[in-house]
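Each residue of the sequence shown is one higher than the last, beginning at 5 in our numbering. We put the beta carbon where it would ideally sit given N, CA and C, even for glycine. Structure, as structure tokens:
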Amino acid sequence: MVHESFQTVKGQINWDHPMYRLYEKAKRNGRWNPADIDFSQDKEDYNRLHLEERISILPLISSFSAGEEAVTLDILPMIHVMARLGWLEDTMFLTTFLHDEAKHTEMFSRWQQAVGVFDIDLSVFHSDSYKRIFYEALPESMERLYTDDSPEAIIRAATVYNMIVEGVLAESGYYSFRQIFKKAGLFPGILQGIDYLNMDEGRHIQFGIYTIQRLVVGHDDRFRLFHEYMDELWEHAFGVVNYLINLAEEQQKLATAPTILEFHPDMMRDYAVKQFEIRKSKIDRVKKYDSLSELEAALGS
Ligand code: MN
Ligand code: FE2
């Protein structure tokens with residue numbers, strides 16, 4: 005590929021571009037360092053839990069650790085395709101995205117190291133649904149962007165990465181973390197980390213929504229593709245959530261000692277369903293526009 009022109013010598017960066025504004029937000033709000041989080045109370049808390057309680061939280065930790073690692077390793081093709089298309093503002097924003105995900109991966113690894121999760125292969129907690137999404141669908145749809153810069157390929161990649169993995173699974177995960185640990189008064193360090201992650205993910209999901217919106221606006225066939233892929237992935241996404249909840253419920257039934265960890269299976273399932281519906285409705289919002297220029301005018305870019 006050769007460059008035919010450069011944006012900043014014919015004009016400037018589009019300072020009002022939604023992705024440029026997001027880039028500014030990332031520079032301001034994304035300045036936190038996982039290495040600064042104090043996990044000493046988390047370590048004490050973890051050591052005070054009895055074995056059954058420890059085992060009951062490891063599936064969630066395992067899902068997040070591998071999930072953050074997956075999204076760190078798999079974001080590059082999205083940066084690559086946007087750079088190839090010459091989408092400067094999007095590419096600039098994505099430089100912060102990869103850095104964010106690297107910090108999320110670091111955070112969970114540091115926590116495990118700090119509290120002393122040793123010598124256990126946590127991948128035993130990855131269900132078939134989990135594997136379908138994180139081991140297969142995510143890397144496959146992302147990697148495709150190296151050779152395919154069609155709107156359809158980008159929509160599919162953003163759907164699994166930003167809408168399902170981040171928008172449904174990560175969001176539902178934060179909810180569970182807070183439900184279980186905040187109420188029990190445990191793990192202040194990781195809860196602080198989760199607050200940072202949640203803020204970062206908010207920007208990432210916004211990127212995904214905008215990216216899909218700009219490509220589906222005025223194209224009914226692409227709208228259909230988005231919805232069909234969402235529905236196809238939902239079975240596995242709900243499978244991930246359900247598996248974790250069932251595991252926790254079983255653990256509780258088998259428990260031989262009283263526990264301070266409270267799980268609310270129905271609330272967690274409902275939360276995941278709601279996230280899924282919210283993501284779809286955000287994309288549906290652009291149905292009222294006929295073209296990209298109408299959408300851009302509405303976004304003020
Ligand atoms: Mn993340
Ligand atoms: Fe993310």
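Own chain residues within Cβ distance below 8 Å of residue i, not counting five before or after
i: valine 244; result: Ser67, Ser131, Ser133, Tyr134, Ile137, Leu173
i: leucine 89; result: Asp153
i: lysine 47; result: Ala118, Val119, Gly120
i: arginine 219; result: Reading the sequence as shown, one finds leucine at residue 219 and not arginine. Excluding residues within five positions, the ones whose Cβ falls inside 8 Å are Pro155, Ile158, Ile159, Arg226.
i: tyrosine 150; result: Pro81, His84, Val85
i: alanine 106; result: Thr76
i: leucine 195; result: Phe181, Arg182, Phe185, Lys186
i: methionine 5; result: Arg88
i: lysine 257; result: none
Check whether residue i and residue j have beta carbons under 8 Å apart
i: leucine 343; j: isoleucine 168; result: Past the edges of the chain, shown from 5 to 305, lies residue 343, and the structure says nothing about it.
i: alanine 162; j: isoleucine 79; result: no
i: leucine 26; j: phenylalanine 97; result: yes
i: glycine 197; j: isoleucine 41; result: yes
i: glutamine 255; j: isoleucine 59; result: yes
i: serine 295; j: glycine 193; result: no
i: threonine 260; j: glutamate 57; result: no
i: alanine 87; j: threonine 99; result: no
i: glutamate 266; j: lysine 187; result: yes
i: glycine 171; j: arginine 273; result: no
i: proline 269; j: glutamate 253; result: yes
i: leucine 303; j: proline 22; result: yes
i: glutamate 140; j: histidine 108; result: no
i: lysine 29; j: arginine 289; result: no
i: arginine 114; j: phenylalanine 181; result: no
i: phenylalanine 211; j: phenylalanine 101; result: yes
i: tyrosine 214; j: valine 75; result: no
i: glutamate 93; j: isoleucine 209; result: no
i: aspartate 104; j: serine 305; result: no
i: serine 145; j: glutamine 116; result: no
Own chain, CB closer than 7 Å to residue i, minus 5 neighbours either side, in chain order
i: methionine 203; result: Asn33
i: proline 63; result: Phe129, Leu248, Leu251
For residue i, three-class secondary structure by DSSP
i: asparagine 202; result: helix
i: glutamine 16; result: coil
i: methionine 5; result: coil
i: aspartate 132; result: helix
i: tyrosine 24; result: helix
i: tryptophan 238; result: helix
i: leucine 62; result: helix
i: asparagine 34; result: Per the sequence presented here, residue 34 reads as glycine, with asparagine not at that position. Reduced to three states, the DSSP call for glycine 34 is coil.
i: alanine 252; result: helix
i: tryptophan 3; result: Summary: the structure shown does not reach residue 3, with the chain confined to residues 5 through 305, and so no result is reported for it.
i: leucine 299; result: helix
i: histidine 223; result: coil
i: leucine 265; result: coil
i: threonine 215; result: helix
i: isoleucine 194; result: helix
Exposure label - residue i; buried when at least 16 CB within 10 Å
i: methionine 234; result: buried
i: lysine 31; result: exposed
i: phenylalanine 112; result: buried
i: glutamine 11; result: exposed
i: alanine 301; result: exposed
i: isoleucine 184; result: buried
i: phenylalanine 191; result: buried
i: aspartate 125; result: exposed
i: phenylalanine 230; result: buried
i: glutamate 205; result: buried
i: aspartate 224; result: exposed
i: histidine 7; result: exposed
i: aspartate 199; result: exposed
i: glutamine 279; result: buried
i: aspartate 123; result: exposed
Close beta carbons around residue i, own chain, < 6 Å, minus the five adjacent residues each side
i: glutamate 147; result: Pro81
i: tyrosine 275; result: Ser176, Tyr179
i: proline 143; result: Asp78
i: arginine 35; result: none
Proximity test, residue i beta-carbon vs the ligand MG heavy atom, cut-off 7 Å
i: glutamate 105; result: Looking for the ligand MG in the displayed structure turns up nothing; the ligands present are the ligand MN and the ligand FE2.
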